[in-house]
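Here our numbering = 1-based position in the sequence shown + 34.
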Amino acid sequence: MAARWLALTAAATAYLPPSQPRRSLRLHMSDDSWAQELAQAGGGFERQEASRWQKSDRGKADAESRARNDAILKWLEGNDVWVSELSGWNEPPHSLALATSTFDELEGEDSGRGLLARRAIAQDAILARLPVRLCMTKEAALEARELKGIVSQDTNEYVAIALLLIGEAQKPNSFWREYIEVLPSVEDVSATFTWSEDELQYLEGSPARQATASMQDKLRREHASILEQYPQLDRSVFTLERWTWAFSNLFSRAIRLKAGRVDEFLALVPYIDFINHSPFGCGVFTFSSSYVDARAIPKAFPWEAEEDEVVLFADRAYKQFDQIFISYGPRPNSDLLLLYGFALDRNPFNSVDLVVGANADQDPLFDQKRAFAASAGRDVARAAFPLYADRYPDELVQFLRMACATMEHLGNLPLNAPETYVDIVSLDNELAVLETIREAATSALNAYPPPNDDIPAAFLSRNQRMARRLVQTEQRILQKTVAATERKARELQTLLFDGVRQRLPAKQAALRTETAPRRDGGRQPRRRRRRARVAGKARAHDAVEADERPRPKSSGTARRRRAEERKLVEVLGRTTEPEQFKAAIDGLWSLWFSERGSENKAKLEAVDRLISEGEASQWVEASEAARKLAEEHDDWPEALNRLATVEYLRGEYDVSVELCKKVLAAKIHHFGALSGICMCYQKLGDEEALAEWRERMLPNDPSARRRWADRAIRALDRLDG
35 MAARWLALTA AATAYLPPSQ PRRSLRLHMS DDSWAQELAQ AGGGFERQEA
85 SRWQKSDRGK ADAESRARND AILKWLEGND VWVSELSGWN EPPHSLALAT
135 STFDELEGED SGRGLLARRA IAQDAILARL PVRLCMTKEA ALEARELKGI
185 VSQDTNEYVA IALLLIGEAQ KPNSFWREYI EVLPSVEDVS ATFTWSEDEL
235 QYLEGSPARQ ATASMQDKLR REHASILEQY PQLDRSVFTL ERWTWAFSNL
285 FSRAIRLKAG RVDEFLALVP YIDFINHSPF GCGVFTFSSS YVDARAIPKA
335 FPWEAEEDEV VLFADRAYKQ FDQIFISYGP RPNSDLLLLY GFALDRNPFN
385 SVDLVVGANA DQDPLFDQKR AFAASAGRDV ARAAFPLYAD RYPDELVQFL
435 RMACATMEHL GNLPLNAPET YVDIVSLDNE LAVLETIREA ATSALNAYPP
485 PNDDIPAAFL SRNQRMARRL VQTEQRILQK TVAATERKAR ELQTLLFDGV
535 RQRLPAKQAA LRTETAPRRD GGRQPRRRRR RARVAGKARA HDAVEADERP
585 RPKSSGTARR RRAEERKLVE VLGRTTEPEQ FKAAIDGLWS LWFSERGSEN
635 KAKLEAVDRL ISEGEASQWV EASEAARKLA EEHDDWPEAL NRLATVEYLR
685 GEYDVSVELC KKVLAAKIHH FGALSGICMC YQKLGDEEAL AEWRERMLPN
735 DPSARRRWAD RAIRALDRLD G
């Protein structure tokens, strides 16, 4: 494998943006032209079918929804909000229509009310404008007569609006009556903190289960505290059930607004909050003052009070009948289900938290690590990081480099310096990091109960379907993480076999490889170990003698290649600059790969790709391809080195040793083969042979590295003798 440093991020398949979801819609048909347009486009019911539909329970429910839509539109019109499709005084036709129900065919779920484009809409067009005085805010709660002495400037915004919403919902003549009547019920929202215990069982194993329990506990404690602190509140009105309903609407609908003249604040915004979520589109909620010269609502007369308005802008162009979407932000499915009551099968922002940490009982450096982590605001014993479908964060890797570090890993590097963990500390440390991630992800997978995929979705309730979707998408992330870490570990093992140093020379870290068990869990028999040591010594001695023998002269092309190789080896021996060292390493690999022409180089690179992809079936194919190249070009060291790499991965350590010896007979400075032979003896359990061959590896010590390079240069010079 060509020795290139590979970025340590998961190589799982990235999400691609799906096509725009198709939506089935039932529309508010208060305008004849709108109804006629849809009738021409879609056909409509026959009279007899329409009559039966209107008499059915579903038809009655739709009639009630349409009546409520009519009521809120009239309320908006009566409060200076233009929602007519006709032009008015200085008002263009309103470009949106209110649907009583939308259906997401991509996810297969009802989406509730939604806003649709009456006609084609240009990007950045104003979709809706609404005075702030129509919003339910903390400011409105402060002005409510029933909440005097209860809501103050110090009251949390969510608590203040929840109290206002509960109180106004009980008043038959509330200013917000028409708006409150179209707000969804607890069952309509279906946020997980409103689920029953039976339904929560479907979240078993998911971090969302604990997050839900925490949210439920917080709401109960907050409710009890409010009632205890303000006994004047009517307990028959401000019940826990209504408290939960209020917060389900606040969490799923409230918008944090920014104004030019005041600080940002939370608000329930009538009409505009009917817009549904899409992770791929985001209409922008803001104040007009953010876009139009920080203006407030224009005043007709100088003595009128200044007032702000909420404006919704189109984030993109919309076609007629398109549903308008906003994004609730880059939220994982666990957040969407906890707060909004739904999960998406295709959520590009989905993630699942992975909890990792150092072990106080087994880590002699634990106290130092705990102090260092605390200085960065972390607990070294327990820290959570998000895993994504296409990656795990660099913060997780850097944290684990520190948490997994041993004195052997660190060498002369300081433990309590952040820059120590920005790059690879050592290959052993990086392998420990990957193994920790793999084990934690595997443990998280094992926490989920056996799947119930055999139950068709049609037989599950909506909450059960959402729970299944959440769990399945989290499991996919964890499975991809396990596969990615295993693949990355194999790549690093191959890099180690190729002789890449644990640190660049300026960092002065020694190469160490941890003793790994044999596949059968034991060690080589004593007689076999003795034979291996004797053979190892003999071959090492033969290789040294071979280095000193004169070599036959070769062609001009070969001499030019060796001259370039000689320069690169000299750089390895002299430089103390990491970039120069890496460039020399890469240059040598490039030379070795291209020694038999571009066509054979391409074939060898294909073998290298099969090795790096890391599947056992591909290793067999790689072995056959490398063996064929080695037979066709028996004097090509790199073909033998690729074959040695594959045989090592397949567990044929003795065979790999023999192949490495052949490589070293041709190139005594082939650091890949030198590293590979050490790894093989480590696997064979021959510590004596391992120690002897380690002495021949590319050293980290500058003076020793110069001697190593001088010896390699003498061997190259003898070839041109």
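Backbone N, C-alpha and C fix where the C-beta goes; we use that ideal spot for every residue, glycine too.
Distance between residue j and residue i (C-alpha atoms, nearest Å)
i	j	result
Glu469	Arg435	11 Å
Trp229	Ala501	11 Å
Pro398	Ala746	41 Å
Glu231	Arg412	33 Å
Val345	Ala156	15 Å
Arg752	Leu526	34 Å
Ile458	Glu681	27 Å
Ala749	Ala523	35 Å
Ile489	Ala478	23 Å
Glu180	Thr171	15 Å
Arg290	Glu343	14 Å
Arg560	Asp688	Residue confidence for Arg560 is low, a pLDDT of 40 falling below 50, so the modelled location carries little weight and cannot support an answer.
Gln506	Glu429	25 Å
Ser186	Pro420	37 Å
Arg670	Arg630	Note that residue 670 is Trp in the sequence shown here, rather than Arg. Trp670 and Arg630: Cα-Cα distance of roughly 7 Å.
Glu611	Val389	38 Å
Ala659	Val641	7 Å
Ala154	Arg496	34 Å
Tyr362	Leu149	16 Å
Glu613	Met441	26 Å
Arg255	Gln716	59 Å
Arg740	Arg608	6 Å
Ala407	Ala437	9 Å
Pro483	Phe376	21 Å
Phe299	Ala481	40 Å
Val386	Cys694	44 Å
Coil, strand or helix - residue i by DSSP
i	result
Gln266	coil
Arg254	helix
Phe383	coil
Gln357	strand
Asn367	helix
Ala405	helix
Val193	helix
Gly122	strand
Thr171	strand
Leu107	helix
Ile155	strand
Ala16	Outside the modelled stretch of the chain, which goes from 35 to 755, sits residue 16, for which no answer is possible.
Tyr352	strand
Val303	coil
Ile160	strand
Arg560	Legend: pLDDT at Arg560 = 40, less than 50; position of this residue unreliable, no value from coordinates given.
Glu215	helix
Glu221	helix
Asn310	strand
Val166	helix
Arg730	coil
Leu494	coil
Glu721	helix
Beta carbon of residue i nearer than 7 Å to that of residue j
i	j	result
Pro733	Trp742	yes
Leu449	Gln402	yes
Arg147	Ser129	no
Thr226	Leu371	yes
Ile195	Phe272	no
Ala162	Ile306	yes
Val697	Leu718	no
Ala242	Ser368	yes
Asn384	Pro366	yes
Leu757	Asn113	Summary: the structure shown does not reach residue 757, with the chain confined to residues 35 through 755, and so no result is reported for it.
At least three beta-carbon pairs within less than 8 Å, the stretch 506-522 to the stretch 246-263:
no
I want to know whether the stretch 611-620 touches the stretch 633-642 - three or more CB-CB distances under 8 Å.
no
Is the stretch 118-136 touching the stretch 278-298, taking contact as three or more C-beta pairs under 8 Å?
no
Assess, as a yes-or-no matter, whether the stretch 405-425 is touched by the stretch 388-396 under the definition of 3 or more beta carbon pairs within less than 8 Å.
yes
Evaluate the contact criterion for the stretch 356-367 versus the stretch 194-209: three or more CB pairs, one atom per stretch, below 8 Å.
no
Mind pulling the alpha helix (DSSP H) runs of 4 or more residues that sit fully within the stretch 629-699?
631-647, 650-666, 671-683
Quick check on the DSSP output: what are the complete beta strand (DSSP E) runs of length 3 or more inside the stretch 391-476, in order along the chain?
417-422
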